[in-house]
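Reviewing the structure listed below.
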């Protein structure tokens, strides 16, 4: 099977290339392929003739998107659309990544009285430009290509590239105390676990939209505290409300994704978020290989 991975220079793209190592995989970073340019996308997909395209390219700077909506739309909406059009012409399957930020939160409570996670049938109501651009990309893919997998995920953390966990570990070594928001609750997801699930999904033939995140839920504060504990850093962490930080983009306070559909269709579950975090910390602590 020939696999093309776009956004292969990012934290998820790097792990996706690793996950498909047993196949004929070609990874293209942003420097190799700008997905916002339709002629370049058409040429790359046409020349490589992949069986599967995994689109890990995105502009995930939420505040940056708020300040430059046109760029956000070009990359996060038009990019998946150009890929879907190219896949439709060549007969390839497209796996493209979306986000929990297409939801505004919170949903209604479940029978146990606890806020339930968003499932694939919940209506999207993004609060910010980033979420709107990703929701637009989803819809354009659905309208263009039958053989598509839209994968909503959240709070991505990997050993390579910038992310919340790596930032907390760096700040934990630099500062005497940290302040972390405790009123944003979501689904931490670890790129090694997600990449393996994407490999399974790509050949499943079960097209449509699916949520893939590590099991469980936590706040940003809880994630930071546990990351520092696992890294054996004793830096105090003080919980604060999100209002304490002036940011251009509004974030949903609750964006937990429900994974029932993935689990019952044989695509999971991914490990609990605490196990995924422990695996990430161990990978970050491991000595580099020659």
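Numbering (the numbering used here), first residue to last: 72 to 361.
Virtual Cβ for every residue (Gly too), placed ideally from N, Cα, C.
Three-state secondary structure assigned by DSSP to residue 202: Locating residue 202 in the chain shown gives position 131, counting from the first residue. Helix.
Take every Cβ of the segment 259-275, pair it with every Cβ of the segment 219-226, and state whether three or more of those distances are shorter than 8 Å. Between the segment 259-275 and the segment 219-226, the count of C-beta pairs closer than 8 Å reaches three or more; the two stretches touch.
How many Å lie between residue 361 and residue 353 at the Cα? Counted from its first residue, the chain shown places residue 361 at position 290. Counted from its first residue, the chain shown places residue 353 at position 282. Residue confidence is low: residue 361 scores 49 on pLDDT, short of 50, so the model does not pin down where it sits. Its coordinate-derived value is still stated next. Each residue's alpha carbon lies about 18 Å from the other.
Please specify which runs of the beta strand (DSSP E), each continuous and at least 3 residues long, are wholly inside the segment 245-289, giving them in chain order. 249-252, 279-282
CB-CB under 8 Å to residue 122, same chain, minus the five flanking residues each way: which ones, in chain order? Counted from its first residue, the chain shown places residue 122 at position 51. Around residue 122: 72, 73, 74, 163, 164.
For residue 193, I'd like the list of residues in its chain whose CB is within less than 8 Å of its CB, leaving aside the five on either flank, ordered along the chain. On the chain shown, position 122 is the one that residue 193 refers to. Closer than 8 Å at Cβ, skipping near neighbours: 174, 178.
Quick check on the DSSP output: the alpha helix (DSSP H) that includes residue 135 runs from which residue to which? Walking along the chain shown from the start, residue 135 turns up at place 64. That run of the alpha helix (DSSP H) goes 133-138.
C-beta atoms of residue 124 and residue 170 nearer than 8 Å: Residue mapping note: residue 124 aligns to position 53 of the chain shown, counting from 1. Residue mapping note: residue 170 aligns to position 99 of the chain shown, counting from 1. It is not a contact, given that the beta carbons lie outside the stated cut-off.
Segment limits, alpha helix (DSSP H) that includes residue 116: To locate residue 116, count along the chain shown from 1; it is residue 45. Run containing residue 116: 109-119, per the alpha helix (DSSP H) assignment.
Shortest alpha-carbon distance to residue 283 belongs to which of 332, 317, 321? Locating residue 283 in the chain shown gives position 212, counting from the first residue. The option with the nearest alpha carbon to residue 283 is 332.
Under the assumption that residue 266 contacts residue 89 (Cβ atoms under 8 Å), give the Cβ distance between them as a whole number of angstroms. On the chain shown, residue 266 is found 195 positions in, with the first residue counted as 1. On the chain shown, residue 89 is found 18 positions in, with the first residue counted as 1. Yes, they are in contact, since the Cβ atoms of residue 266 and residue 89 sit about 7 Å apart, within 8 Å.
Rounding to the nearest angstrom, what Cα-Cα distance links residue 246 and residue 187 in this structure? Locating residue 246 in the chain shown gives position 175, counting from the first residue. Locating residue 187 in the chain shown gives position 116, counting from the first residue. Straight-line Cα distance between these residues: approximately 36 Å.
According to DSSP, which residues form a beta bridge with residue 216? Here residue 216 is taken as the residue at index 145 of the chain shown, counted from 1. Answer is none; residue 216 lacks a bridge partner.
If you count every other CB in all the chains shown that lies within 10 Å of the CB of residue 156, and 16 or more means buried, which is it? Within the chain shown, residue 156 is the residue found at index 85, counting from 1. Residue 156 is buried by the Cβ-count criterion.
Inter-residue Cα distance where the pair is residue 207 and residue 147: As a working note, residue 207 is residue 136 in the chain shown. As a working note, residue 147 is residue 76 in the chain shown. If I take the Cα positions, the gap works out to 8 Å.
My understanding is that residue 176 touches residue 307, with C-beta atoms under 8 Å, so please give their C-beta distance in whole angstroms. The count along the chain shown starts at 1 and reaches residue 176 at position 105. The count along the chain shown starts at 1 and reaches residue 307 at position 236. Approximately 29 Å separates the beta-carbon atoms of residue 176 and residue 307; this is outside 8 Å, ruling out the contact.
Please list the terminal residues of the continuous beta strand (DSSP E) segment that includes residue 310. Locating residue 310 in the chain shown gives position 239, where the first residue counts as 1. Residue 310 -> beta strand (DSSP E) spans 308-311.
Skipping 5 residues on each side, what residues in its chain have a beta carbon closer than 8 Å to that of residue 233? Your numbering for residue 233 matches position 162 in the chain shown. 82.
According to DSSP, what are the bridge partners of residue 169? By 1-based counting over the chain shown, the position of residue 169 is 98. Paired residues: 223.
Could you tell me the alpha carbon to alpha carbon distance between residue 342 and residue 294, rounded to whole angstroms? Taking the chain shown and counting its residues from 1, the one referred to as residue 342 is at position 271. Taking the chain shown and counting its residues from 1, the one referred to as residue 294 is at position 223. Residue 342 and residue 294: Cα-Cα distance of roughly 15 Å.
Cutoff 8 Å; reference residue 119; Cβ partners in own chain excluding five residues on either side: What you label residue 119 is simply residue 48 of the chain shown in a count that begins at 1. Excluding sequence neighbours, residue 119 sits near 73, 75, 97.
Apply the 10 Å Cβ neighbour rule to residue 151 and answer buried if 16 or more other Cβ atoms are within range, or exposed otherwise. In the chain shown, the residue the question calls residue 151 occupies position 80. Answer is buried; the Cβ neighbour count reaches 16.
Does DSSP put residue 147 in a helix, in a strand, or in coil? Sequence index remark: in the chain shown, residue 147 carries index 76 (1-based). Assigned with DSSP and collapsed to three states, residue 147 falls in helix.
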